[in-house]
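Protein chains: 2
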Amino acid sequence: MKKLINDATQAVRESLAGLAVAHADLLRVRLDPTFVLRADAPVRGKAAVVSGGGSGHEPLHAGYVGPGMLDAACPGEIFTSPTPDQIAAATRAVDGGTGVLHLVKNYTGDVLNFELAAELCQSEGLKVEAVLIDDDVAVKDSLYTAGRRGVGATVLAEKLCGAAAARGLGLAEVAAVARAANGQARSMGLALSSCTVPAAGKPTFALGDQEMELGIGIHGEPGRQRLPLRPAREIVELMAGEVLGDLPFRRGDQVIALVNGMGATPLLELYIAAGELERVCAGRGIRIARRLVGNYITSLDMAGFSLTLLRADERLLGLWDDPVRTPALRWGA
Amino acid sequence: MKKLINDATQAVRESLAGLAVAHADLLRVRLDPTFVLRADAPVRGKAAVVSGGGSGHEPLHAGYVGPGMLDAACPGEIFTSPTPDQIAAATRAVDGGTGVLHLVKNYTGDVLNFELAAELCQSEGLKVEAVLIDDDVAVKDSLYTAGRRGVGATVLAEKLCGAAAARGLGLAEVAAVARAANGQARSMGLALSSCTVPAAGKPTFALGDQEMELGIGIHGEPGRQRLPLRPAREIVELMAGEVLGDLPFRRGDQVIALVNGMGATPLLELYIAAGELERVCAGRGIRIARRLVGNYITSLDMAGFSLTLLRADERLLGLWDDPVRTPALRWGA
Numbered sequence: 071m072k073k074l075i076n077d078a079t080q081a082v083r084e085s086l087a088g089l090a091v092a093h094a095d096l097l098r099v100r101l102d103p104t105f106v107l108r109a110d111a112p113v114r115g116k117a118a119v120v121s122g123g124g125s126g127h128e129p130l131h132a133g134y135v136g137p138g139m140l141d142a143a144c145p146g147e148i149f150t151s152p153t154p155d156q157i158a159a160a161t162r163a164v165d166g167g168t169g170v171l172h173l174v175k176n177y178t179g180d181v182l183n184f185e186l187a188a189e190l191c192q193s194e195g196l197k198v199e200a201v202l203i204d205d206d207v208a209v210k211d212s213l214y215t216a217g218r219r220g221v222g223a224t225v226l227a228e229k230l231c232g233a234a235a236a237r238g239l240g241l242a243e244v245a246a247v248a249r250a251a252n253g254q255a256r257s258m259g260l261a262l263s264s265c266t267v268p269a270a271g272k273p274t275f276a277l278g279d280q281e282m283e284l285g286i287g288i289h290g291e292p293g294r295q296r297l298p299l300r301p302a303r304e305i306v307e308l309m310a311g312e313v314l315g316d317l318p319f320r321r322g323d324q325v326i327a328l329v330n331g332m333g334a335t336p337l338l339e340l341y342i343a344a345g346e347l348e349r350v351c352a353g354r355g356i357r358i359a360r361r362l363v364g365n366y367i368t369s370l371d372m373a374g375f376s377l378t379l380l381r382a383d384e385r386l387l388g389l390w391d392d393p394v395r396t397p398a399l400r401w402g403a
Numbered sequence: 071m072k073k074l075i076n077d078a079t080q081a082v083r084e085s086l087a088g089l090a091v092a093h094a095d096l097l098r099v100r101l102d103p104t105f106v107l108r109a110d111a112p113v114r115g116k117a118a119v120v121s122g123g124g125s126g127h128e129p130l131h132a133g134y135v136g137p138g139m140l141d142a143a144c145p146g147e148i149f150t151s152p153t154p155d156q157i158a159a160a161t162r163a164v165d166g167g168t169g170v171l172h173l174v175k176n177y178t179g180d181v182l183n184f185e186l187a188a189e190l191c192q193s194e195g196l197k198v199e200a201v202l203i204d205d206d207v208a209v210k211d212s213l214y215t216a217g218r219r220g221v222g223a224t225v226l227a228e229k230l231c232g233a234a235a236a237r238g239l240g241l242a243e244v245a246a247v248a249r250a251a252n253g254q255a256r257s258m259g260l261a262l263s264s265c266t267v268p269a270a271g272k273p274t275f276a277l278g279d280q281e282m283e284l285g286i287g288i289h290g291e292p293g294r295q296r297l298p299l300r301p302a303r304e305i306v307e308l309m310a311g312e313v314l315g316d317l318p319f320r321r322g323d324q325v326i327a328l329v330n331g332m333g334a335t336p337l338l339e340l341y342i343a344a345g346e347l348e349r350v351c352a353g354r355g356i357r358i359a360r361r362l363v364g365n366y367i368t369s370l371d372m373a374g375f376s377l378t379l380l381r382a383d384e385r386l387l388g389l390w391d392d393p394v395r396t397p398a399l400r401w402g403a
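Here the protein sequences come in this chain order: A and B.
Residue numbers for the first sequence follow my numbering, beginning at 71 and rising by one.
Residue numbers for the second sequence follow my numbering, beginning at 71 and rising by one.
Have a look at this one:
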């Protein structure tokens, strides 16, 4: 294993220190319990949006803290859920008096710890709502999940909810945006290589020289099947077919598309996949109205990518277009 | 080799097609000869800024086309210089009547082909100036270079010159900004793994399980030496020491810092390096006034990173802060 780290046990903490100094205009890092919050938190009167989960998926979540997106992010250790005290501390710190939305990827540990934190904060008089993200069509249950896993839709929901909250919508309305986003989004991932968790020191799984794993999870959880490597065109057709067929998306739909790199896949390749996705969607009468291409929810140094499509009405597109200013997503501000 | 491509000979062209559709609001792609230009080019009366070079370094250069940065980018095949006809076509297409600056990374093929294109355009009556970027302190001459290689300072020079041109400065003044940026910038890279060029199908070089290559080039050209893998802290001290000692940077200087991923290095690790760089600079009385952390000039799927420091006066910092709106760099607009 070759990593640009000092000590596997300190990697998350040291990375957050670098993040804090690199983006001091946008965010602050608090330690023990550890969370990242907007530099201007709490924003009085605004519904707050908090997310979190295991580290190793950067820029998710801390890279999305800032005006128009998250008020706070709770980073666990690598591929490890944040603790209830981290989540509760973040929730208290960003509550602007009108309540806090928890956006929770559907992994058993995350769900449990966000629930415990919400109960704790509610017992103190805070308003907390939680929405689960479970957009991965690959598998029903998985290594760390009952039901579907939460993947790329998390990024989209964080943006949409952040915009809704910035517009002044109340907690219930922001939560409704989260449910709408998750309900209209579907994803699938593919690995060309394993990731290597620093503390483990070796690849999480093995893939043959000409193999790919379809439906991979963002922690390297098993997908649907191993297949011989195929050209990008066929891979995207296969994955987009599964994603489109699941909701199902229909002729005339307009969507927000995320072509997401898993960490080690060059942007050159992601744009090839993006071009193929456009072709597949156009062929089915589906219009990609907005798109992101790049590393947005990664799996350390895994090679591979995922596709997320979110069926968006004009209201969601409007929220998407609202200004956002975070380390990893920024426009209009 | 596992790549998300269809055909190695078509990878650049297909990737550009994906880029074009993903960023239709910002840019256009022209084929045969191939270049990428601002959607609103030519901008009448504005000095134009054109760069280019081999592909495989994405988002460099095409990801920096847009208001406040490049007017056009000329992508060659992977790790292959663009041809004079590509460069000449781009130059003609974006000339707004007041001339075109060529920002050229110092590689023999790039230098030659940009020169030929400039001569051709000048013979047609266009004003063209060229500035070489040669910021890499690692080696004096290299596999594809006489003198020092052009690396991370290219990104910074493209931003600064784009801002100068957007302010309405004339060609000579924009070229002076480029020379100032290059003259004040120094860089060094490090590889933890080789990249694999699709057409070659195998890694460009071999590195042992516990080895790193200090001073690596962005095409995998040999660096200064191979060393046993060290903690991030020691690696950054070593590299920053070489960079700081070269100009030399001095106590009281303020700098723009780029902590750049080579393609396969997780953002989590880059932020660790960024934190270490802050510590090293602070210890020497050097203030990092602005910073970028992420994949800005890559080497396909190489694991590793590079550091670039640019000594910036208030004028350069002002240009840095000006709005920019491109696929890969965006703020204030």
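Just so you know, even glycine gets a beta-carbon here, dropped at the ideal spot from N, CA and C.
Predicted, not measured: the structure shown is a model, and the values here were computed from it.
Asked: Minimum Cβ-Cβ distance from residue 238(A) to chain D less than 8 Å; Found: Of the protein chains in this structure, namely A and B, none is chain D.
Asked: Classification of residue 337(A) by the beta-carbon crowding that lies within 10 angstroms, buried from 16 upward; Found: buried
Asked: At least three beta-carbon pairs within less than 8 Å, the region 138-145 of chain A to the region 115-123 of chain A; Found: yes
Asked: Spatial distance of residue 217(A) from residue 179(A) (CA atoms); Found: 13 Å
Asked: Closest by C-alpha distance to residue 395(A), when choosing among 367(A), 255(A), 270(A), 233(A); Found: 233(A)
Asked: 7 Å Cβ cut-off: residues of chain B touching residue 85(A); Found: 338, 341, 342
Asked: Backbone CA spacing between residue 387(B) and residue 392(A) [nearest angstrom]; Found: 28 Å
Asked: Assigned secondary structure, residue 144(B) (DSSP; H/G/I helix, E/B strand, else coil); Found: strand
Asked: Residue from 363(B), 389(B), 374(B) whose Cα sits closest to the Cα of residue 398(B); Found: 363(B)
Asked: Same chain, Cβ closer than 6 Å to residue 175(A), neighbours up to 5 away in sequence not counted; Found: 123, 203, 220, 224
Asked: CA nearest to the CA of residue 228(A), picked from 81(A), 402(A), 366(A), 403(A); Found: 366(A)
Asked: DSSP three-state assignment for residue 391(B), whether helix, strand or coil; Found: helix
Asked: Under 9 Å by beta carbon: chain A residues contacting residue 76(B); Found: 301, 302, 303, 304, 342, 346
Asked: Beta-ladder partner(s) of residue 125(B), from DSSP; Found: 148(B)
Asked: Contact set for residue 402(A): own chain, Cβ-Cβ below 6 Å, skip 5 residues either direction; Found: 393
Asked: Strand pairing of residue 83(B), partner residues [DSSP]; Found: Paired residues: none, contrary to the question.
Asked: Cβ separation of residue 308(B) and residue 284(B), assumed to be a contact under 8 Å, to the nearest whole Å; Found: 7 Å
Asked: Collapsed DSSP secondary structure at residue 384(B) in the structure displayed; Found: helix
Asked: Cβ shell of residue 286(B) (< 7 Å), same chain only, five flanking positions each side left out; Found: 259, 260, 261, 293, 374
Asked: Residue 339(A) beta carbon less than 8 Å from that of residue 73(B); Found: yes
Asked: Which listed residue (222(A), 327(A), 118(A)) has its alpha carbon closest to that of residue 88(B); Found: 327(A)
Asked: Residues near residue 186(A) by beta carbon distance below 7 Å, same chain, minus five either side; Found: 154
Asked: Residue closest to residue 103(A), alpha-carbon to alpha-carbon, out of 136(A), 161(A), 111(A); Found: 161(A)
Asked: Rounded straight-line distance, which links the Cα of residue 255(A) to that of residue 316(A); Found: 10 Å
Asked: Minimum Cβ-Cβ distance from residue 283(B) to chain A less than 8 Å; Found: no
Asked: Residue 252(B): first and last residue of the uninterrupted alpha helix (DSSP H) it sits in; Found: 241-253
Asked: Selection from 226(B), 277(B), 320(B) that minimises the alpha carbon distance to residue 390(B); Found: 226(B)
Asked: Residue 148(B) and residue 184(B) closer than 8 Å at C-beta; Found: no
Asked: Validate contact between the region 188-196 of chain B and the region 343-359 of chain B using beta carbons, cut 8 Å, 3 pairs; Found: no
Asked: Within-8 Å CB hit, residue 152(A) to chain B; Found: no
Asked: Candidates 165(A), 181(A), 128(A), of which the one nearest residue 330(A) by Cα; Found: 128(A)
Asked: Contact check, residue 290(B) vs residue 372(B), beta carbons under 8 Å; Found: yes
Asked: Cutoff 7 Å; reference residue 380(B); Cβ partners in own chain excluding five residues on either side; Found: 223, 226, 251, 254, 255, 325, 326
Asked: Nearest residue (CA-CA) to residue 78(A), options 115(A), 334(A), 266(A), 137(A); Found: 266(A)
Asked: Beta carbon proximity, residue 129(B) to chain A, threshold 8 Å; Found: yes
Asked: Exposure of residue 169(A), with buried meaning 16 or more beta-carbon neighbours within 10 Å; Found: buried
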